[in-house]
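Here this note's numbering is used: the first residue of the sequence shown is 1, the next is one more, and so on.
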Amino acid sequence: MEGVIDALMRNILCTINDYDLCITEFVRVVDSLVPKHVFYRICPELTSKNTTGTKTPLRIQLLGQEPEWMAENAIRALEIGSQGIDVNFGCPAKAVNKSKGGAVLLKDPEKIYQIISAIREAIGSNNQLSAKIRLGYEDTSLFLEVVSAIESAGANSLAIHARTKTHGYKPPAYWSYIANAVKHSSLDIVANGEIWGKESAIQCIEASMTSSLMLGRGALSLPNICNTIKYNEMPMEWLDVQALLNKYSELELEGSKSFYYSSRLKQWLRFLKLEYTEAEQLFQSIKTLKDKEKIIEHINNSSY
Ligand SMILES: Cc1cc2nc3c(=O)[nH]c(=O)nc-3n(C[C@H](O)[C@H](O)[C@H](O)COP(=O)(O)O)c2cc1C
1 MEGVIDALMR NILCTINDYD LCITEFVRVV DSLVPKHVFY RICPELTSKN TTGTKTPLRI
61 QLLGQEPEWM AENAIRALEI GSQGIDVNFG CPAKAVNKSK GGAVLLKDPE KIYQIISAIR
121 EAIGSNNQLS AKIRLGYEDT SLFLEVVSAI ESAGANSLAI HARTKTHGYK PPAYWSYIAN
181 AVKHSSLDIV ANGEIWGKES AIQCIEASMT SSLMLGRGAL SLPNICNTIK YNEMPMEWLD
241 VQALLNKYSE LELEGSKSFY YSSRLKQWLR FLKLEYTEAE QLFQSIKTLK DKEKIIEHIN
301 NSSY
């Protein structure tokens with residue numbers, strides 16, 4: 001998740017969960033080979049062996065509209081250690097859509113076909129290739145055409161965020177549309193959208209007819225959500241979340257990006273407060289603070 005699930009967050013969440021795969025924030029591809037240092041900024045883990053710092057494999061996500069440049073950058077991503085390639089056709093951001101990338105491509109199945117084909121040809125058949133879509137741009141009329149384009153172009157799997165671009169992030173997610181893709185395609189279909197815990201995960205699996213799930217915001221609001229779904233683990237208590245916030249603070253401050261510390265932490269709390277009232281109280285108590293020591297003091301005193 002762009003601007004939210006960075007290397008440090010991936011490390012924290014993959015340490016306490018048994019995720020099968022992690023996808024990076026997207027690398028924006030326009031009309032050139034993206035410099036290696038940009039890839040490493042987005043996934044610094046790749047300097048130390050292509051995982052999240054844990055055993056979870058890490059795959060780079062590319063977002064772009066030019067088939068040849070997407071192919072060139074896919075080769076680069078593999079060279080620096082990405083475990084397969086993921087392609088983003090779901091981003092609703094205005095700036096991205098205006099420059100013909102992300103969800104706007106859902107209006108053009110032929111272009112999607114060209115992009116996936118070019119990448120497949122460039123990376124060969126041994127590397128995993130996945131795509132991420134929404135149900136459509138304004139409506140779902142091209143949904144199955146897009147799924148079919150992605151399949152015939154040679155992708156292995158497809159994650160579907162069960163909303164159109166126009167729906168934005170507004171609940172509900174229309175999981176039953178995903179079942180149509182499962183019926184009509186032999187791709188490994190992954191369901192995404194509005195999974196916040198075990199209960200919604202079960203509902204999603206039933207409606208979408210796939211047991212492969214992708215987690216977005218839920219991964220941040222309930223830190224051990226993956227294991228609650230996979231292994232029936234109990235949802236984390238606030239005391240454990242508090243310890244995680246401390247670990248996050250320590251690691252963030254050790255790293256080179258401590259400049260972002262207070263804004264990143266507040267952003268995480270905005271998600272955590274969907275699950276924990278203590279997070280809301282902590283957020284209120286630190287929202288005007290920038291000083292790291294003071295913020296950490298508040299975290300340690302947050303067993304309300
Ligand atoms: C702040 C934010 C950043 C996101 N960044 C990305 C991204 O870089 N790549 C991507 O495929 N999806 C991105 N998404 C979409 C999520 O992966 C996911 O599809 C969406 O949030 C719906 O799932 P959820 O209800 O589990 O959050 C982002 C969503 C949010 C809220």
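Glycine included, each C-beta is placed from N, C-alpha and C at the ideal position.
Residue i in three-state terms, based on DSSP
i: G3; result: coil
i: A149; result: helix
i: E66; result: coil
i: T24; result: strand
i: S130; result: strand
i: P172; result: coil
i: L105; result: helix
i: P235; result: coil
i: Q284; result: helix
i: N300; result: helix
i: I80; result: coil
i: P44; result: helix
i: V34; result: coil
i: N17; result: coil
i: D240; result: helix
i: L274; result: coil
Residues near residue i by beta carbon distance below 7 Å, same chain, minus five either side
i: I225; result: G197, L215, G218 and A219
i: D188; result: N156, S157 and S212
i: G168; result: P92
Other residues of its chain near residue i: CB distance less than 6 Å, five sequence neighbours each side excluded
i: Q61; result: I23, T24, F26, D86 and N88
i: G53; result: N11 and E45
i: K132; result: N88, G90 and A159
i: T164; result: R134, L135 and G136
Pairwise C-alpha distance: residue j and residue i
i: T56; j: Q83; result: 10 Å
i: K290; j: L274; result: 23 Å
i: S141; j: L272; result: 36 Å
i: E121; j: G154; result: 9 Å
i: K247; j: N232; result: 24 Å
i: I16; j: A243; result: 12 Å
i: N127; j: L21; result: 14 Å
i: L375; j: S302; result: No information on residue 375 is available, as it lies outside the stretch 1 to 304 that the chain covers here.
i: R76; j: E297; result: 43 Å
i: E206; j: Y177; result: 12 Å
i: E278; j: G81; result: 39 Å
i: I5; j: E110; result: 31 Å
i: A173; j: L144; result: 17 Å
i: S185; j: P67; result: 23 Å
Neighbourhood of residue i by C-beta, 8 Å cutoff - its chain only, sequence neighbours within 5 removed
i: L251; result: L8, N11 and I12
i: L222; result: W196, G197, T228, P235, M236 and E275
i: P171; result: E194
Residue i Cβ short of 6 Å to ligand 1 heavy atom set
i: G218; result: yes
i: H161; result: yes
i: E237; result: no
i: F26; result: yes
i: E66; result: no
i: M209; result: no
i: G136; result: no
i: N301; result: no
i: K132; result: yes
i: N88; result: yes
i: E2; result: yes
i: N227; result: no
Exercise for the section: Starting from the N-terminal side, write out each stretch of the beta strand (DSSP E) that is 3 residues or longer and does not extend beyond the stretch 156-227. Expected result: Listed in chain order, they are 157-164 and 188-192.
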